[in-house]
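Undergrad: Quick note, the sequences are listed as chains D and P, same order. Be aware that the first sequence starts at 41, since it is given in the working numbering, and climbs by one per residue. Be aware that the second sequence starts at 41, since it is given in the working numbering, and climbs by one per residue. Positions of the beta carbon are idealized from the N, C-alpha and C atoms, including for glycine. In this text, all values refer to a predicted model and were calculated from it rather than measured experimentally.
2 protein chains.
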Amino acid sequence: MHVFYTPDITSSDYILNEEESRHCMKVLRLVTGDVVHLIDGRGGLYEAEITGESKRNVSLHVLKTTSEYQKRNHNLHIAVAPTKNIDRLEWFLEKATEIGIDQITPVICERSERKIVKEDRLNKVITSAVKQSLQAYHPMLNEALSLKELISHHSADHRMIAHCVEGEPRKYISEIAPSGSSYLILIGPEGDFTPNEIQLALQNDFKPLTLGNTRLRTETAALAACFEVNYLNR
Amino acid sequence: MHVFYTPDITSSDYILNEEESRHCMKVLRLVTGDVVHLIDGRGGLYEAEITGESKRNVSLHVLKTTSEYQKRNHNLHIAVAPTKNIDRLEWFLEKATEIGIDQITPVICERSERKIVKEDRLNKVITSAVKQSLQAYHPMLNEALSLKELISHHSADHRMIAHCVEGEPRKYISEIAPSGSSYLILIGPEGDFTPNEIQLALQNDFKPLTLGNTRLRTETAALAACFEVNYLNR
Numbered sequence: 041m042h043v044f045y046t047p048d049i050t051s052s053d054y055i056l057n058e059e060e061s062r063h064c065m066k067v068l069r070l071v072t073g074d075v076v077h078l079i080d081g082r083g084g085l086y087e088a089e090i091t092g093e094s095k096r097n098v099s100l101h102v103l104k105t106t107s108e109y110q111k112r113n114h115n116l117h118i119a120v121a122p123t124k125n126i127d128r129l130e131w132f133l134e135k136a137t138e139i140g141i142d143q144i145t146p147v148i149c150e151r152s153e154r155k156i157v158k159e160d161r162l163n164k165v166i167t168s169a170v171k172q173s174l175q176a177y178h179p180m181l182n183e184a185l186s187l188k189e190l191i192s193h194h195s196a197d198h199r200m201i202a203h204c205v206e207g208e209p210r211k212y213i214s215e216i217a218p219s220g221s222s223y224l225i226l227i228g229p230e231g232d233f234t235p236n237e238i239q240l241a242l243q244n245d246f247k248p249l250t251l252g253n254t255r256l257r258t259e260t261a262a263l264a265a266c267f268e269v270n271y272l273n274r
Numbered sequence: 041m042h043v044f045y046t047p048d049i050t051s052s053d054y055i056l057n058e059e060e061s062r063h064c065m066k067v068l069r070l071v072t073g074d075v076v077h078l079i080d081g082r083g084g085l086y087e088a089e090i091t092g093e094s095k096r097n098v099s100l101h102v103l104k105t106t107s108e109y110q111k112r113n114h115n116l117h118i119a120v121a122p123t124k125n126i127d128r129l130e131w132f133l134e135k136a137t138e139i140g141i142d143q144i145t146p147v148i149c150e151r152s153e154r155k156i157v158k159e160d161r162l163n164k165v166i167t168s169a170v171k172q173s174l175q176a177y178h179p180m181l182n183e184a185l186s187l188k189e190l191i192s193h194h195s196a197d198h199r200m201i202a203h204c205v206e207g208e209p210r211k212y213i214s215e216i217a218p219s220g221s222s223y224l225i226l227i228g229p230e231g232d233f234t235p236n237e238i239q240l241a242l243q244n245d246f247k248p249l250t251l252g253n254t255r256l257r258t259e260t261a262a263l264a265a266c267f268e269v270n271y272l273n274r
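#1: Taking 8 angstroms as the CB-CB limit, is T20(D) close to chain P?
#2: According to a CB-to-CB cut-off of less than 8 angstroms, which residues of the stretch 169-182 of chain P neighbour chain D?
#3: Can you pull the chain D neighbours of A264(P), defined as C-beta to C-beta under 8 angstroms?
#4: Under the three-state reduction of DSSP, which class applies to S214(P): helix, strand or coil?
#5: Would you verify that the beta carbon of R82(P) is, or is not, closer than 8 angstroms to some beta carbon of chain D?
#6: Quick one: complete alpha helix (DSSP H) runs, 4+ long, within the stretch 197-264 of chain P?
#7: Mark T72(P) as exposed unless 16 or more other C-beta atoms lie within 10 angstroms of its C-beta, in which case mark it buried.
#8: Checking contacts by CB at 8 angstroms: is N253(P) closer than that to chain D?
#9: Would you say V102(D) and L56(D) are within 8 angstroms of each other, going by their C-beta atoms?
#10: Verify the CB distance criterion: does K211(P) have a CB-CB separation below 8 angstroms to chain D?
#11: Checking the sheet assignment: what are the DSSP bridge partners for N163(D)?
#12: Taking C-beta to C-beta, are D74(D) and I49(D) nearer than 8 angstroms?
#13: How many Å lie between H198(P) and D53(D) at the Cα?
#14: Could you tell me which chain D residues have their CB closer than 8 angstroms to the CB of N270(P), listed as they occur along the chain?
#15: Grab me the residues of S214(P)'s own chain with a C-beta within less than 6 angstroms of its C-beta, minus the 5 sequence neighbours each way, in chain order.
#16: Since I believe V147(P) is in contact with L190(P) (beta carbons under 8 angstroms), could you give me their beta-carbon distance rounded to a whole number of angstroms?
#17: Excluding the 5 residues preceding and the 5 following K111(P) in the sequence, name in chain order all residues of the same chain whose CB lies nearer than 7 angstroms to its CB.
#18: I'd like to confirm the pairing. Which residues does DSSP put opposite R138(P) in its beta bridges?
#19: Grouping DSSP H, G and I as helix and E and B as strand, with all else coil, what is M65(P)?
#20: Measuring alpha carbon to alpha carbon, tell me which residue in I216(D), G252(D), A202(D), L263(D) is nearest E237(D).
#21: Along chain D, in chain order, which residues have C-beta atoms closer than 8 angstroms to that of Q110(P)?
#22: Would DSSP call E153(D) helix, strand or coil?
#23: Listing by chain order, which chain D residues have their CB less than 7 angstroms from the CB of K124(P)?
#24: In its own chain, which residues sit with a C-beta less than 6 angstroms from the C-beta of G81(D), not counting the 5 before and 5 after it?
#25: Looking only at its own chain, which residues have a Cβ that is under 7 angstroms from the Cβ of E93(D), when we skip the five neighbours before and after it?
#26: Listing by chain order, which chain D residues have their CB less than 7 angstroms from the CB of K135(P)?
#27: Is L174(D) near D142(D), with beta carbons less than 8 angstroms apart?
#28: How many whole angstroms separate the CB atoms of E230(D) and T258(D), which I take to be in contact at a CB cut-off of 8 angstroms?
#29: Identify, in the order they occur along the chain, each residue of the same chain with its Cβ nearer than 7 angstroms to the Cβ of K95(P), setting aside the five sequence neighbours on each side.
Take a look at the structure:
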């Protein structure tokens, strides 16, 4: 069934905006009487019928509402250094949304080659994955922060830093944190965190994390952490 | 350290081909005395010193050899329907190589929109991921097969089909198979397998598999299976 993202839905009647209306009529060729899915991004999943057609305003009436659809028993926040090639970060956002994530913060590290990200564009990637994978909860993309800001401003029951320093003691997520908890996981840039950054994180109760014994790219490491937390919480 | 893929290495002296030599001299700007990594794709990891420079033939001498580098205690074969947008399959190949996979077979299903793949190009993607992630074993990319051919020609201790039919009994990999085994996992096209295809797989001892309760794209499902088998075998 076709899915529309309607974060501003408040009643059982809703009118699609111009862009979505055009998509609904012109691309999907839907007509009055057709039933579609609506997602509000806050856990609401709706079955709605098209009650009025127009290229600019398609009106819908909600037939069935499901609240807290597939609500997770945990909260996952991944803070990841934006990749030099932004496609790789966008790819991570799409996949993490499909698999399950609550919050993403681009974190600028000493070795980050990319210091600026366009949140609007990244949010579009997340929204389209939300629709494609029928996620009732829209992951929150926070503004980019420096590592120092992130460490001092954000909190979670279990905070971890996935660094790549050989020989340093590191544990798997499942050895650090239980299920049903909240997790903040730091993923570094190409070239890893600096020793000072690792030091700072450890001083602030971030536990050193390993994702296995293979060399993973930044976006692969971030997705591996996402898979693992979701696996832990099945 | 820089990594070169040298599947034809047989002795402690090796000469890079013209393309690799040019890359070594012109791009990486390496010189006599520099030490690099070589990977033979069959488990061999070598530390080698540059003994002679030339734009066409860079000669190397092996200083140290490691056999069966990071040899896995299991064997993972994923047979996946090629995605309509080939970038998505290439992306899967890169990520699966980073995380750990032994064999990939593109499998053409009834609902496959793409029936042809260029193995050469896909193999280049795998090789570059092998080098990037320092994998001593080069995953094998098999020729594309029809689902029927795959089911009759290929075998593994544990064979699974990840279909999306709601309400049908399906289990997680960890409930179907133990660690340290060999696994063949079928991942269907956009639009899923047909009922006939699922029937055929089940008749041939493929166990129905679930990868969780979210809607995953073909390449995401394939990677989820790859993560899960590697997780199971830690």
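TA: Let's see:
#1: Residue 20(D) is absent from the model: chain D starts at 41 and stops at 274.
#2: Sequence-ordered contacts of the stretch 169-182 of chain P with chain D read Q172, S173, L174, Q175 [C-beta pairs closer than 8 angstroms].
#3: The contacting residues are I139, F267.
#4: In this structure, S214(P) counts as helix in the three-state DSSP scheme.
#5: Interface with chain D (8 angstroms Cβ-Cβ cutoff): R82(P) is excluded.
#6: List check, alpha helix (DSSP H) in window: 213-216, 235-243.
#7: Label assigned to T72(P): exposed.
#8: Taking a beta-carbon distance threshold of 8 angstroms, N253(P) counts as an interface residue toward chain D.
#9: Going by C-beta atoms, V102(D) is not nearer than 8 angstroms to L56(D).
#10: Judged by the 8 angstroms Cβ criterion, K211(P) is not in contact with chain D.
#11: The partner list for N163(D) (beta bridge, DSSP) is empty, contrary to what the question assumes.
#12: No; because the gap between Cβ atoms is not below 8 angstroms, this pair is not in contact.
#13: So the alpha carbons of these two residues sit roughly 50 angstroms apart.
#14: Annotation: Cβ neighbours of N270(P) in chain D (cutoff 8 angstroms, chain order): G252.
#15: For S214(P), where only same-chain residues beyond five positions count, the Cβ hits under 6 angstroms are L272.
#16: The Cβ separation is near 5 angstroms, so the contact holds.
#17: When the five nearest sequence neighbours on each side are left out, the beta carbons in the same chain lying within less than 7 angstroms of the beta carbon of K111(P) are those of G83, in order along the chain.
#18: One point to set straight first is that residue 138(P) is Glu, not Arg, in the sequence displayed. For E138(P), which the question treats as bridged, DSSP gives no partner whatsoever.
#19: Here M65(P) sits in helix by DSSP.
#20: Per the Cα distances, A202(D).
#21: Around Q110(P), the beta-carbon contacts reaching into chain D at under 8 angstroms are N253, T254.
#22: The DSSP-derived three-state label of E153(D) is coil.
#23: Against chain D, a Cβ distance below 7 angstroms from K124(P) picks out nothing, because the smallest value is about 14 angstroms.
#24: Residues of the same chain with a CB within less than 6 angstroms of the CB of G81(D), apart from the 5 flanking positions on each side, are P47, H178 in chain order.
#25: Correct list, in chain order: M65, V71, T72.
#26: One finds T260 in chain D with Cβ atoms closer than 7 angstroms to the Cβ of K135(P), taken in chain order.
#27: No, the Cβ-Cβ distance between L174(D) and D142(D) is not below 8 angstroms.
#28: Yes, E230(D) and T258(D) are in contact; Cβ-Cβ is about 6 angstroms, under 8 angstroms.
#29: For K95(P), same chain residues with a beta-carbon under 7 angstroms away, outside a window of 5 residues either side, are S61, R62, M65 in chain order.
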